[in-house]
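See structure below.
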Amino acid sequence: MALTEEQWKSFCEGSGTEYTCDLYSTLTMVTSDIDYAEGRTVNGIATGLDTFFLIFSGTMVFFMQAGFAMLCAGSVRQKNVKNIMLKNLLDACGGALGFYTIGYGFAYGGDDETGRTFIGNSYFALRDFDSYAGFFFQFAFAATAATIVAGTVAERCKMSAYLCYSLFLTGFVYPVVVHAIWSSNGFLSAFYQDSDDLFQDVGTVDFAGSGVVHMTGGCTALIAAIVLGPRKGRFYDEDGNPLEEPNSFPGHSASLQILGTFVLWVGWYGFNPGSALAIASEDSAQTAALCLVTTTMGAATGCVSSMFTDSILETMKTGETSYDLTMAMNGALGGLVAVTAGCSVITPWAAIVIGAIGGWVYMGFSKLLIS
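Going by the working numbering, the first residue of the sequence shown is number 318, and it counts up by one from there.
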């Protein structure tokens with residue numbers, strides 16, 4: 318490729334035959350020359366790279382549906398595997414339809430308006446909206462929020478009721494929470510247009526969705542569990558008399574459980590780093606890289622803290638020591654959830670502390686619910 322002397326001078330420092338150029342200037346110079354023949358520019362390349370990053374991250378988040386499916390399948394009795402698999406599939410399907418028709422509009426519609434709003438009022442069925450990569454990424458998050466409930470209501474929820482729940486959560490409940498925290502018009506948002514009128518002067522910072530996604534799904538799951546009640550034979554016998562010790566219903570496949578856990582962990586590498594929404598600039602790339610490290614540390618310490626603490630308590634109580642795989646897997650997931658909100662702004666050592674606390678919180682509330 319032949320460059321004119323004027324091009325060298327406009328992008329680099331020097332004269333004659335010796336010029337000094339940084340990487341960005343070199344890319345700008347080269348692509349500006351290509352632009353005349355092929356219509357490519359640096360901005361176009363950056364946009365394409367950001368779009369691919371968003372699509373790839375969204376695909377990883379959506380692949381978490383497979384992780385949820387495997388974890389749920391391994392955690393239920395064999396006779397209920399087909400039922401829980403169908404519910405996981407319907408989550409993805411119902412979530413896509415609900416979020417496309419009204420969910421995305423309620424979540425992000427009207428962001429160009431001034432003042433706070435309760436829900437969005439445009440972009441329904443993607444009308445007048447063409448940022449398809451952004452929609453797909455947000456849909457994957459909505460489907461994740463819906464699938465969280467699947468394991469909670471396993472073996473005791475009618476299929477028709479579950480489909481209605483999935484549509485309503487992704488079409489209205491989840492979008493309302495998203496609008497409040499992630500929309501520029503949300504009353505809790507840190508991105509509100511008037512920076513002098515933020516909630517508690519700072520707004521709510523939830524980078525990747527500890528509260529927006531996981532707490533919304535978790536609270537919904539808790540309500541569903543209260544409404545449905547426990548599985549038959551869990552706490553009462555056939556005559557309705559309380560059991561001295563709750564019956565346990567062990568899952569039929571530890572292999573599927575651990576497979577699902579690892580798939581979810583890998584999917585989180587799209588969930589958290591992908592929330593940077595871009596990769597082509599130095600700042601966004603550094604943010605995504607930090608998220609990878611903090612996500613890893615949170616998961617690892619969540620697993621270790623919950624499993625070993627449970628083992629220590631068991632030793633103190635019975636004098637015997639065992640290591641609970643279920644406690645380890647769910648502790649890792651608890652650490653992942655805990656670190657998700659601040660993964661872009663915390664240091665790795667802080668992620669270790671947060672992950673450990675997340676593992677302990679899971680362990681404590683798990684035992685509390687049983688008691």
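Here a beta-carbon is modelled for each residue, glycine too, at the ideal position from N, C-alpha and C. A quick note: this is a predicted structure, and the numbers were derived from the prediction, not measured.
Original post:
From Met402, Ser506 and Arg444, pick the residue whose C-alpha is nearest to that of Thr418; which is it?
Top reply: Out of Met402, Ser506 and Arg444, Arg444 has the C-alpha closest to the C-alpha of Thr418.
Subject >> Ser500: first and last residue of the uninterrupted alpha helix (DSSP H) it sits in >> reply: Annotation for Ser500: no alpha helix (DSSP H) segment contains it, and DSSP assigns it neither H nor E.
Subject >> Proximity below 8 Å, CB of Arg548 to CB of Arg473 >> reply: A Cβ-Cβ contact shorter than 8 Å links Arg548 with Arg473.
Original post:
In terms of alpha-carbon separation, which member of Leu371, Met646 and Leu573 lies closest to Ser448?
Top reply: Of all alpha-carbon atoms in Leu371, Met646 and Leu573, the one lying nearest the alpha-carbon of Ser448 is that of Leu371.
Original post:
Short check: CB of Trp693 to CB of Ser623, under 8 Å?
Top reply: The displayed coordinates of the chain run from 318 to 688. Any statement about residue 693 would go beyond what the structure contains.
Original post:
Within 10 angstroms of its Cβ, does Val470 collect 16 or more other Cβ (buried), or is it exposed?
Top reply: With 16 or more other Cβ atoms from the protein chains shown falling within 10 Å of its own Cβ, Val470 counts as buried.
Original post:
Going by alpha carbons, who is nearest to Ala460 out of Arg394, Leu406 and Asn438?
Top reply: Nearest of Arg394, Leu406 and Asn438 to Ala460, Cα basis: Leu406.
Original post:
Grouping DSSP H, G and I as helix and E and B as strand, with all else coil, what is Tyr509?
Top reply: The three-state secondary structure of Tyr509, taken from DSSP, is coil.
Subject >> Proximity winner among Ile669, Leu388, Gln455 and Gly557, relative to Ala525 (alpha-carbon distances) >> reply: Nearest neighbour of Ala525 by Cα position, chosen from Ile669, Leu388, Gln455 and Gly557, turns out to be Gln455.
Original post:
What first and last residue would you give for the alpha helix (DSSP H) that runs through Asp556?
Top reply: Asp556 -> no alpha helix (DSSP H), and no H or E assigned at all.
**OP:** Give the secondary structure of Ala638 by DSSP, where H, G and I count as helix, E and B as strand, and everything else as coil.
**Re:** Here residue 638 turns out to be Thr, not Ala, going by the sequence shown. Residue state, collapsed to three classes: coil.
**OP:** Find out if the Cβ-Cβ distance for the pair Gly568, Gly384 is shorter than 8 Å.
**Re:** No. Outside cutoff.
**OP:** Tell me the start and end of each unbroken alpha helix (DSSP H) in the region 550-625 that is at least 4 residues and wholly inside, in chain order.
**Re:** Listed in chain order, they are 571-588.
Original post:
Ends of the alpha helix (DSSP H) at Met680?
Top reply: Counting along the chain, Met680 sits inside the alpha helix (DSSP H) bounded by residues Pro665 to Ile687.
Original post:
Looking only at its own chain, which residues have a Cβ that is under 7 Å from the Cβ of Met402, when we skip the five neighbours before and after it?
Top reply: Cβ within range, chain order: Ala386 and Ala390.
Subject >> Length at least 4, wholly inside the region 374-415: the alpha helix (DSSP H) runs in chain order >> reply: Counting only runs of at least 4 residues, the region 374-415 fully encloses the following alpha helix (DSSP H) elements, listed from N- to C-terminal order: 398-415.
Subject >> Close Cβ partners of Gly681 (< 6 Å) along its chain, the five nearest in sequence each way excluded >> reply: Closer than 6 Å at Cβ, skipping near neighbours: no residue.
**OP:** Locate the alpha helix (DSSP H) running through Gln455, then write down its first and last residues.
**Re:** Note, Gln455: alpha helix (DSSP H), Tyr449 to Thr469.
Original post:
Which same chain residues, not among the five before or five after Phe504, have their C-beta less than 7 Å away from its C-beta?
Top reply: Excluding positions up to five away in sequence, the list reads Arg433, Ala497 and Phe516.
Original post:
Considering only residues of the same chain and omitting the five flanking positions on each side of Tyr440, which have a CB-CB separation below 7 Å?
Top reply: These residues qualify, in order along the chain: Tyr421, Gly422, Tyr425, Gly426 and Phe446.
Original post:
Skipping 5 residues on each side, what residues in its chain have a beta carbon closer than 6 Å to that of Ala542?
Top reply: So the list reads Thr469, once near-sequence residues are dropped.
Original post:
Leaving out the 5 sequence neighbours to the left and right, which residues in its chain are closer than 7 Å to Leu594 when beta-carbon positions are compared?
Top reply: Correct list, in chain order: Leu371.
Original post:
Mind checking Gln395: buried by the 16 CB within 10 Å criterion, or exposed?
Top reply: Exposed.
**OP:** Measure the CB-CB distance between Val656 and Gly672 and report whether it falls below 8 Å.
**Re:** Val656 is a Cβ neighbour of Gly672, given a cutoff of 8 Å.
Subject >> Start and end residues, alpha helix (DSSP H) containing Cys268 >> reply: No answer is possible for residue 268: it lies beyond the span of the chain, which begins at 318 and ends at 688.
Subject >> Which listed residue (Phe435, Ser477, Asp523 and Met646) has its alpha carbon closest to that of Trp499 >> reply: It is Asp523 whose Cα lies nearest to the Cα of Trp499.
Subject >> Proximal residues to Ala668 (C-beta, below 6 Å), its chain only, five neighbours per side dropped >> reply: These residues qualify, in order along the chain: Thr611, Met614, Gly615 and Val656.
Original post:
In three-state DSSP terms, what is Thr657?
Top reply: In the structure shown, Thr657 sits in a helix (DSSP, three-state: H, G or I).
Subject >> Selected residue, minimal CA-CA separation from Leu484, among Tyr509, Asp554, Gly411 and Cys620 >> reply: Of the listed residues, the one whose Cα sits closest to Leu484 is Gly411.
Subject >> Beta-carbon contacts of Leu581 that lie in its chain and below 6 Å, excluding the five residues immediately before and after >> reply: Excluding the 5 residues flanking it on each side, Leu581 has same chain C-beta neighbours closer than 6 Å at Met381 and Gly384, in chain order.
Original post:
In the DSSP assignment, what are the bridge partners of Thr521?
Top reply: In the DSSP output, where bridge partners are listed per residue, Thr521 has Ser506.
Subject >> Residues of its chain near Phe416, where Cβ-Cβ distance is below 6 Å and the 5 sequence neighbours each way are ignored >> reply: Closer than 6 Å at the Cβ level, and outside the excluded window around Phe416, lie Phe456, Ala459 and Thr487.
**OP:** Going by CA-CA distance only, name the one from Ala462, Tyr679 and Leu576 that's closest to Cys620.
**Re:** Relative to Cys620, the option among Ala462, Tyr679 and Leu576 whose CA is nearest is Tyr679.
Original post:
Leaving out five residues before and five after Val495 in sequence, what residues of the same chain have Cβ atoms less than 7 Å from its Cβ?
Top reply: Taking C-beta separations shorter than 7 Å and ignoring five residues to either side along the sequence, the partners of Val495 in its chain run Ala424 and Val529, following chain order.
Original post:
So what does DSSP say about Leu515, is it helix, strand or coil?
Top reply: In the structure shown, Leu515 adopts coil according to DSSP, grouped into three states.
Subject >> Test item: CB-CB of Asp408 and Thr464 under 8 Å >> reply: In contact: Asp408 and Thr464 (Cβ atoms closer than 8 Å).
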